[in-house]
Structures are given as structure tokens and as C-alpha cells.
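Student: Protein sequence lines, in the order shown, are assigned to chains A, B and C.
The first sequence maps to residues 1 to 187 in my numbering.
The second sequence maps to residues 1 to 76 in my numbering.
The third sequence maps to residues 1 to 77 in my numbering.
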Amino acid sequence: MHRPFAVADTCFLIDWARYRRRDILFKLFRTVFVPEQVLDEIRSENTVAWIAGALARGWLSLYTPSSMEVEEAIRLVEWSRLHPQAAAIDMPEALCLVVGRRRGYIVLTENRGALLAPRLNKDYSGVEVWRALEVILEALRRGILEPNCERPDTVFREYSLDTLHLFPSKALEEAVKEVRRLCLSRA
Amino acid sequence: MPIESLEELLSEEKEAREIRRRMADWRFIESQPPRIREALKYYIETGDIRRAAKLAGLALEDFRSLLRRARIPVVV
Amino acid sequence: MGDTVALGEEVLDPRRAREIRRRMADWRFIESQPPRIREALKYYIETGDMYVAARLAGLKIEEFNEIRIRARIPNIA
Numbered sequence: 001m002h003r004p005f006a007v008a009d010t011c012f013l014i015d016w017a018r019y020r021r022r023d024i025l026f027k028l029f030r031t032v033f034v035p036e037q038v039l040d041e042i043r044s045e046n047t048v049a050w051i052a053g054a055l056a057r058g059w060l061s062l063y064t065p066s067s068m069e070v071e072e073a074i075r076l077v078e079w080s081r082l083h084p085q086a087a088a089i090d091m092p093e094a095l096c097l098v099v100g101r102r103r104g105y106i107v108l109t110e111n112r113g114a115l116l117a118p119r120l121n122k123d124y125s126g127v128e129v130w131r132a133l134e135v136i137l138e139a140l141r142r143g144i145l146e147p148n149c150e151r152p153d154t155v156f157r158e159y160s161l162d163t164l165h166l167f168p169s170k171a172l173e174e175a176v177k178e179v180r181r182l183c184l185s186r187a
Numbered sequence: 001m002p003i004e005s006l007e008e009l010l011s012e013e014k015e016a017r018e019i020r021r022r023m024a025d026w027r028f029i030e031s032q033p034p035r036i037r038e039a040l041k042y043y044i045e046t047g048d049i050r051r052a053a054k055l056a057g058l059a060l061e062d063f064r065s066l067l068r069r070a071r072i073p074v075v076v
Numbered sequence: 001m002g003d004t005v006a007l008g009e010e011v012l013d014p015r016r017a018r019e020i021r022r023r024m025a026d027w028r029f030i031e032s033q034p035p036r037i038r039e040a041l042k043y044y045i046e047t048g049d050m051y052v053a054a055r056l057a058g059l060k061i062e063e064f065n066e067i068r069i070r071a072r073i074p075n076i077a
């Protein structure tokens, strides 16, 4: 069953805002929440304009964390500092993970610490974390994006070209395999 | 969830660092003022964008723009 | 809050409120603002939501309200 809500952190938004197909995000989710602490970090004209427009349309919504959520996020930041395997998590990402855990939202992030947290911290094992890679894959699965079956890596290359954000080779390989499977199933 | 296993996720950092080193515009980096230069080098080595931005004395998004100008990719 | 406009209607149609904000705004002033402020003012014109507009601008509500007044955008009640 598709989850209607996501919560996005800064690193995800500032790259995603440059992607030529950025509005597919709003076909995947009913609303994407943006914590206030994340909004505070947005600077560029392009990103601000896109966020403001999406807020006005109700596709994005501002999220004001409660004091309990902030407190839990601080504990998560501390946890990341105590565990060498876990890459550092900072407050904006930690808040997104906390919201993901408490509200069941999918967390959109490009932060390695946030990606690792559900695997390394049992309290967050139920949190679903997506990078741009997983967002694009899901859009392909749901037919929101059409795959290029002759060049199945096209849609990922487009994102990388627009943002100067590359995907790790193993992850990209798996994603391209999935696109080939989608193409075969539709043939 | 990310499509790699935990082991794959953990091992990606080495590949990411090599890609950042290889693709970076070193001429641009070496021409920067010391604080910016060191922050860019720190980012290349660690991939830690927040700490690198703080080292540079820049807001996160401004540092991200600087990475693009230095041709240093984010690899996640 | 400054120049609040009461239009003598029990409940104002949000579309009408938006039209009034758009029409009365000082667009020259708005377009001359830095990106965050500019987008926040435009957002406010579209929605009338001062809290979110202030957060977009990175300002406290009172600070944003001052800019709203300088932009001649009415706060419609």
C-alpha cells in the first residue's frame, strides 16, 4: 500500500529542486512535509521559488516539530556520535527520522547517517528512508515516469546531470536491473 | 528502503571518496581562499557536507553550490 | 496588525481575498526584494498564511508583517 506522506530534509530538497522532473514527487505523495529547521536552511532563488509554489498548492506542508520530537532528535544525534559505524546525523535529518518513526512518513534524505540509522538503530528499524534514487525508482514502478527500455540508465543519468549528484555504482546497477525487469514485464 | 545491503551501504564511502577526488576541479580548489579550500578538501575526504559547510563558514545550500562549481559530486 | 482590511462580509471567499491582495500589492517593491523575501511575499499573496510566509522568509512574524505593510499587501479579515 502506498504511503501518502513523506518528510524531506535539506540535502534531499536542495538537489531535488534542480531536477528537471522534480514535480513527480507530488504524484508519489499526497503531501511532503518540510520541518521548519529544514526550511531555515534553504537559500537559493530556484529552491525557494519551487518550495514556495509547492507550499501554496498544498503539495508541500510546513512541519512544526513538538518539543518531544525535538528532544528525541537530540538523542538520535547523540546516538550517532556514540556509534563509529553510523555516520553523523544532524538535527534536520534527525528530526525527519523522528517524524518518520512517529508518523509513519517516508523520510527523503541524502544524508548517509540517516540512510544507515534504520539498519543500525533498532528503534528506527521500521522507518523507510529514500534517496532520490528510490524516489525515481518508485516513480518508474508506478508508471509516473516512463522507462527508456533501450537505455535503462537514462532517467538516473538525467538526475545526475541536473544536480551533480551521482549514485553509488552498486545501487545504480540494482536500479538499472529493476528498470530492465519493468521493461520486460511491460513488453 | 535503500536497495543495498548494510554491508554495501557501509562500503560505499570508499568508492564515493575516489569519485570525489577524481572528478574535482583541483585548479579551482587550489585557487580558493584557505578556509574554502580546506573545507572542499575536507568534503572530498569525508563526504560530510554539514561539517564542511561549517568549516567554510557557509550556509549548507551555498556550500552545495560551491561543490558544483568545484565539480565535486555528491555520491549517495 | 497594521492595515487590516475588514470588508464587511461574514466570511470572505479566499479567492476574492487573494485577488485583493494581488491587486493592492506593490509589485515593484516585491520584485526588488531578495529571493526568500520575494517568494514569501508572493506566497502570502496567494494564501494569506502569514506564519508559513514568515518561515519562508526566515523572519519572525512581526518582522514579516512589517515587510508585508511596506509591500502594501493587505491583511484581510
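Backbone N, C-alpha and C define an ideal beta-carbon position, used for all residues, glycine too.
It should be emphasised that the depicted structure is a prediction, and the values quoted were computed from it without experimental measurement.
(1) Under 9 angstroms Cβ-Cβ, which residues of chain A neighbour residue 3(B)?
(2) Nearest by alpha-carbon distance to residue 28(A): which of 142(A), 67(A), 93(A), 82(A) is it?
(3) Quick one: residues in its chain with C-beta nearer than 7 angstroms to the C-beta of residue 39(C), no 5 flanking neighbours on either side, listed in chain order?
(4) Taking the alpha-carbon positions, what's the residue 93(A) to residue 114(A) distance?
(5) Let me see if you follow: with CB-CB separation under 8 angstroms, is residue 12(B) close to chain A or not?
(6) Would residue 35(C) count as contacting chain A if we go by Cβ distances under 8 angstroms?
(7) Would you say residue 110(A) lies against chain C (beta-carbon separation less than 8 angstroms)?
(8) Are the Cβ atoms of residue 191(A) and residue 127(A) separated by less than 8 angstroms?
(9) Are the beta-carbon atoms of residue 56(A) and residue 43(C) separated by less than 8 angstroms?
(10) Counting only Cβ pairs nearer than 7 angstroms, list the residues of chain A close to residue 58(C).
(11) List, in order along the chain, the chain B residues whose C-beta lies closer than 9 angstroms to that of residue 128(A)?
(12) I need the straight-line Cα distance from residue 77(A) to residue 40(A), nearest angstrom please.
(13) Measure from the C-beta of residue 8(A) to each C-beta in chain C and report whether the shortest distance is under 8 angstroms.
(14) Please check if any C-beta of chain B sits within less than 8 angstroms of the C-beta of residue 85(A).
(15) Going by the beta-carbon positions, is the gap between residue 3(B) and residue 171(A) smaller than 8 angstroms?
(16) Taking its Cβ as the centre, do 16 or more other Cβ atoms sit within 10 Å of residue 116(A), making it buried, or is it exposed?
(17) On the three-state DSSP scale, how would you describe residue 99(A)?
(18) Cβ of residue 64(A) within 8 angstroms of Cβ of residue 17(A)?
(19) Based on the DSSP output, what are the partners of residue 35(A) in its beta bridges?
Tutor: Short version:
(1) 133, 134, 137, 170, 171, 174, 175, 178
(2) If we check each option's Cα against that of residue 28(A), 142(A) comes out closest.
(3) 56
(4) 6 angstroms
(5) yes
(6) yes
(7) It does not: the Cβ of residue 110(A) has no partner Cβ on chain C nearer than 8 angstroms.
(8) Because chain A here runs from 1 to 187, residue 191(A) falls outside it and cannot be looked at.
(9) yes
(10) 40
(11) 1
(12) 19 angstroms
(13) At a cut-off of 8 angstroms between beta-carbon atoms, residue 8(A) makes no contact with chain C.
(14) yes
(15) Closer than 8 angstroms, so yes.
(16) Answer is buried; the Cβ neighbour count reaches 16.
(17) helix
(18) no
(19) 63(A)
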